[in-house]
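Just below is one structure, and these are the notes that go with it.
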Amino acid sequence: MSDTLTLYTNPMSRGQIARWMLEEVGAPYDAVLLDYATTMKAPDYLAINPMGKVPAIVHNGTIVTECAAICAYLADAFPAANLAPPTTARGAYYRWLFFAAGPVEAAITNTAMGFVLPEGRDRSAGYGSLDAVLDTLEQAVSGTTWICGTQFTAADVYVGSQVDWGLAFGTMPARPAFTAYAQRLRARPAYQRQKDIDGTLIAAMQKQG
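Residue numbers (full-length UniProt numbering): 1 to 209.
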């Protein structure tokens, strides 16, 4: 029996990350486009993700939400794509996946929303400070081609999306290491396919008003 793989997404969302990962995997998939105000909050989708948010995937009946989890799951579910290191060499892989999902996401979001930590309370926040997060992320993408060295992995899809979006929206400074990393990511055929697909969908949605 062949795999069934469905992506639930909106092109103007983090669903772009999941689609990029799916394009890297190369397995056929169906995409269901959801609207923020209606279908994302409908009972049939809430049964998949009670948060009423995208993306989500359903693979042979298995539901996975959260972008970092989707990336890691797909890398394991489709090993032929070679998007995860051997299990004995996954230290950097797990480290930076979770770093991007935790400290990077929190620090960037809080800063963009104007949240300011009270003086002396850095230790109470998991990310410490935005500067500490950015300095650490810069080290992670410096000195090697990819997060795990010479092998492109699912961690690059997730971490790379954070960097790519941060540069595009101005929420991350254009440090040389970040821009060089983003340029390498943007050269990948799967990245370009995802941008073409979601870009076309966004243009159609905007045309409809």
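Beta carbons: idealized from backbone N, C-alpha and C, even for Gly.
Bear in mind that the values here come from a model prediction, so they are computed numbers and not experimental data.
Here's the rule: buried if 16 or more other CB atoms are within 10 angstroms of the residue's CB, otherwise exposed. What is residue i?
i, result
"Thr153", "buried"
"Arg14", "buried"
"Ile108", "buried"
"Ala47", "exposed"
"Ser161", "buried"
"Met1", "Reliability of the predicted coordinates at Met1 is poor, the pLDDT of 49 falling under 50, and no value is obtained from them."
Cα-Cα, which of the options is closest to residue i?
i, options, result
"Thr38", "Ala31, Val54 and Tyr29", "Val54"
"Ala100", "Pro50, Pro176 and Trp165", "Trp165"
"Val159", "Pro85, Ile17, Pro189 and Ser2", "Ile17"
"Cys71", "Glu23, Ala125 and Ala168", "Glu23"
"residue 210", "Gly26, Val25, Ser2 and Cys67", "What the structure shows of the chain is the stretch from 1 to 209, and residue 210 is not part of that stretch, so it cannot be assessed."
"Ala75", "Tyr45, Gly120, Leu33 and Ala27", "Ala27"
"Tyr127", "Pro103, Tyr181 and Thr62", "Pro103"
What is the residue span of the alpha helix (DSSP H) that residue i lies within?
i, result
"Leu137", "Leu130 to Ala140"
"Val64", "Counting along the chain, Val64 falls outside any alpha helix (DSSP H), though it belongs to the beta strand (DSSP E) covering Thr62 to Thr65."
I need the boundaries of the beta strand (DSSP E) containing residue i, first residue and last residue.
i, result
"Tyr8", "Leu5 to Thr9"
"Ile108", "Ile108 -> not in any beta strand (DSSP E); alpha helix (DSSP H) instead, spanning Glu105 to Ala112."
"Val58", "Ala56 to His59"
Looking at the strands, I want to know which residues DSSP matches up with residue i.
i, result
"Asp30", "Thr6"
"Trp146", "Gly149"
Taking 6 Å as the cut-off, is the C-beta of residue i nearer than that to any heavy atom in the ligand FAD?
i, result
"Ser124", "The model depicted lacks the ligand FAD and carries no ligand whatsoever."
Practice item. Evaluate the contact criterion for the stretch 113-123 versus the stretch 139-148: three or more CB pairs, one atom per stretch, below 8 Å. Key: no
Check your understanding: Do three or more CB pairs link the stretch 81-92 to the stretch 116-133 at distances below 8 Å?
Key -> no
Check your understanding: For the 8 Å Cβ check, are there 3 or more pairs between the stretch 26-46 and the stretch 85-93?
Key -> no
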